[in-house]
Amino acid sequence: MELCFGWFLLVASIPAIFAQDISHGSIVVDGTMTVAQTDDNFVCATIDWWPHDKCNYDQCPWHYTSVMNLNLSHPFLAKAIQAFNRLRIRVGGSLQDQVLYDVGNLKSPCHPFQKMKDGLFGFSKGCLHMERWDELNRFFKETGAMVTFGLNALHGRHKIKRSLWGGDWDSSNAQDFMKYTVSKGYQIDSWEFGNELSGNGIGAHVHADQYGKDLVNLRRIINELYKGSQSKPSLVAPGGFYDEEWFVKLLQTSGFGVIDVMSHHMYNLGAVFISGVDPKLVSKILNPDHLNKAAYTFGNLTHIIRRHGPWTSAWVGESGGAYNSGGAHVSNTFVNSFWYLDQLGMASKYHTKVYCRQTLIGGNYGLLNATTFVPNPDYYSGLLWHRLMGKVVLNVESHASPFLRSYAHCSKGRTGVTLLVINLSNQTNFIMNAQNSINLKLAANEQNISRDSFTHSLKKTFSWVGTKASDDALLREEYHLTPKDGYLRSRTMVLNGIPLELTSTGDIPSLNPVRVNVKSPITISPLSIAFIVFPNFEAPACG
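Given below as structure tokens:
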């Protein structure tokens, strides 16, 4: 296996050899303290409400992937979710605030979504029948999914002017729906209130003080319906774009202990153009300065939570990179994984507990192809993160280049540390030594030592293990991700030289690492991504 991997590295590095651009450096991981912690089920994906005739720029990429009509019996779908062994699924999206639940004393007609010129987002109200809700919950149970469900926060309100909606939320329909859900024993991890109604909103918005008042009401309903229950769902809000003044007002109005999670949406790659393709989308993804801009939102939300709502935590409730259904021939290809994995890494550093990808299936940004249900490259990126990266975030430093991005976590379900390295450069082959900050500090403090002890100290300094290093040959595990045939917009991801494709029975392929001598440097080829697992890394923060 090591010989095969050596050949893979040689082939993968050919572009760098011709470019004659090789950079040596170090990556230092500090395992002595926790930077942040995510939820155990950090990776999340959404199922949206958009019907098949939702179109942008004469393209209709949603097909039949709506909550209403997604084919739950498709074998690829169940297997894709089960591979995560507890994937969090958020049911929600732009049309959720126009959904009526066909249960209880509903006084309005309950019809499917229809195109409507003057309707919000160009659609009428829609209807969720309880037969469909039963089907969905059977599916969620069979696949082991954790469910976050977005409620209809515009129900009962009226439009005041332009996009501003006023009046109290009519909670009766949602309460009947939630009561039905409880009576059937369906497990809901969290209820989310509204979609993109914060600040100036997208299509519609509600003032923060009114929203806070309605959340107090929803908290009361949850407490009553789940009284005596061993597992009470969390209350998530507002599920919109970050607006500091609005978010602060919401926390102040709703008060202590009402909101459990402050969720916000992130589309930091902007909109696609009339053609459905932004010619600058790939360059944004590969531009470290552009990617860094997201830190402003993550940092500010962390700050206001600490100051105004320390009882809450932060989620990215929806993020697809480019909005308006994603970028055709980009969002569903290998190149998008540079953005996606960088977002997961950055978000986790800023105390984000959950990151929901728009979408599991549907639009151009789905983790699964909307018609074939075959995984797109980002599916495998998310799955590898979920399996390898634990919830404890560690500090990592490297001054090699802004185009080499690195993140470190305690490994998931095992001892050690996992490092994620992303090479955004199209010409630089990075050859890096991974170092433990513990050893650097020890080496710096050692003085007046003999030649033999100096040699041993030097060995420890450039070892990834720590003070527990042995003289035995130790191995690390590496997962190198590249596009098929070197084509960045390929829909096939390659892991350690092997294309990732479903098996003949439709199962997710094995994601096997190569094992490399720990004393060898880490080679990160141009425009590639790698997860590096150090099984015996000495990291007190990992327990």
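Heads up: the sequence shown runs through residues -19 to -1, 1 to 524, numbered per mature numbering (1 follows the signal peptide of the UniProt record, and there is no 0).
Beta carbons are placed, not taken as given, at the ideal position from N, Cα and C, and that holds for glycine.
- Query: Among 505, 348 and 57, which has the Cα closest to the Cα of residue 362?
  - Reply: Within the sequence shown, numbered from 1, the residue matching residue 362 stands at position 381. The candidate whose alpha carbon is nearest that of residue 362 is 348.
- Message: Does the structure place the stretch 334 to 344 close enough to the stretch 28 to 48 that three or more beta carbon pairs sit under 8 Å?
- Response: yes
- By DSSP, does residue 189 sit in helix, in strand, or in coil? For the purposes of this step, residue 189 is taken as the residue at position 208 of the sequence shown. Residue 189: helix per DSSP, three-state reduction.
- Item | C-alpha gap between residue 486 and residue 57, whole angstroms | The residue labelled residue 486 in the question sits at position 505 within the sequence shown. The residue labelled residue 57 in the question sits at position 76 within the sequence shown. Each residue's Cα considered, the two are about 9 Å apart.
- Does the beta-carbon of residue 44 have 16 or more other beta-carbons within 10 angstroms, so that it is buried, or is it exposed? Translated into positions along the sequence shown, residue 44 becomes position 63. Residue 44 comes out buried.
- Starting from residue 132, follow the beta strand (DSSP E) in both directions and report where the run begins and ends. What you label residue 132 is simply residue 151 of the sequence shown in a count that begins at 1. Its beta strand (DSSP E) spans residues 127 to 132.
- Determine, using beta carbons only, whether residue 171 and residue 196 come nearer to each other than 8 Å. Sequence index remark: in the sequence shown, residue 171 carries index 190 (1-based). Sequence index remark: in the sequence shown, residue 196 carries index 215 (1-based). In this structure, residue 196 does not lie closer than 8 Å to residue 171 by Cβ.
- residue 200 and residue 178 closer than 8 Å at C-beta: Stepping through the sequence shown from its first residue, residue 200 is reached at position 219. Stepping through the sequence shown from its first residue, residue 178 is reached at position 197. No. Outside cutoff.
- Going by beta carbon distance, what residues of the same chain come within less than 7 Å of residue 156, once the five residues before and after it are set aside? By 1-based counting over the sequence shown, the position of residue 156 is 175. Only 202 meet the Cβ criterion.
- Within its chain, find whatever has a CB closer than 8 Å to the CB of residue 225; leave out the 5 residues flanking it on each side and keep chain order. Mapped onto the sequence shown, residue 225 falls at position 244. The residues are 281 and 285.
- Length at least 4, wholly inside the stretch 241 to 319: the alpha helix (DSSP H) runs in chain order: 262 to 266, 269 to 273 and 275 to 289
- Message: At the level of alpha carbons, what is the spacing between residue 393 and residue 403?
- Response: By 1-based counting over the sequence shown, the position of residue 393 is 412. By 1-based counting over the sequence shown, the position of residue 403 is 422. So the two alpha carbons sit approximately 20 Å from each other.
- Item | Buried versus exposed call for residue 303 [16 or more other C-beta atoms within 10 Å across all chains shown] | Looking up residue 303 in the sequence shown gives position 322. Answer is buried; the Cβ neighbour count reaches 16.
- Task: State the Cα-Cα distance for the pair residue 205 and residue 338, rounded to the nearest angstrom.
- Result: Here the question's residue 205 lines up with position 224 in the sequence shown. Here the question's residue 338 lines up with position 357 in the sequence shown. Cα to Cα, the separation comes out at about 31 Å.
- Task: Specify whether the stretch 74 to 91 and the stretch 16 to 24 touch according to this definition: at least 3 beta carbon pairs, one from each stretch, less than 8 Å apart.
- Result: no
- Task: Write down the C-beta distance between residue 8 and residue 377 rounded to the nearest angstrom, noting that I regard them as a contact closer than 8 Å.
- Result: Within the sequence shown, residue 8 is the residue found at index 27, counting from 1. Within the sequence shown, residue 377 is the residue found at index 396, counting from 1. Rounded, the Cβ-Cβ distance is 6 Å, consistent with contact.
- Message: With H, G and I counted as helix, E and B as strand and the rest as coil, what does DSSP make of residue 215?
- Response: Residue mapping note: residue 215 aligns to position 234 of the sequence shown, counting from 1. Strand at residue 215.
- Item | residue 513 and residue 399 closer than 8 Å at C-beta | For the purposes of this step, residue 513 is identified with residue 532 of the sequence shown, where counting begins at 1. For the purposes of this step, residue 399 is identified with residue 418 of the sequence shown, where counting begins at 1. Against a cut-off of 8 Å, the Cβ pair of residue 399 and residue 513 comes out as a contact.
- Could you check where the alpha helix (DSSP H) with residue 390 kicks off and where it finishes? Here residue 390 is taken as the residue at index 409 of the sequence shown, counted from 1. Here residue 390 belongs to no alpha helix (DSSP H); instead the beta strand (DSSP E) covers 385 to 392.
- Can you name, in chain order, every residue of its own chain whose Cβ lies under 7 Å from the Cβ of residue 18, other than the five neighbours on each side? Your numbering for residue 18 matches position 37 in the sequence shown. Excluding positions up to five away in sequence, the list reads 372, 373 and 374.
- Outcome for residue 77 when other beta-carbon atoms lying within 10 angstroms are tallied against a minimum of 16: By one-based count along the sequence shown, residue 77 stands at place 96. Buried.
- Query: Going straight from the alpha carbon of residue 351 to that of residue 70, what length do you get?
  - Reply: Looking up residue 351 in the sequence shown gives position 370. Looking up residue 70 in the sequence shown gives position 89. Cα to Cα, the separation comes out at about 17 Å.
- Given that a residue counts as buried once 16 or more other Cβ atoms are within 10 Å of its Cβ, and exposed if not, what is residue 233? In the sequence shown, the residue the question calls residue 233 occupies position 252. Classification for residue 233: exposed.
- Query: In this structure, does DSSP put residue 453 in helix, strand or coil?
  - Reply: The count along the sequence shown starts at 1 and reaches residue 453 at position 472. At residue 453 the pLDDT is 40, less than 50, meaning the model places this residue with poor confidence; the figure from the coordinates comes in the next sentence. Three-state result, residue 453: coil.
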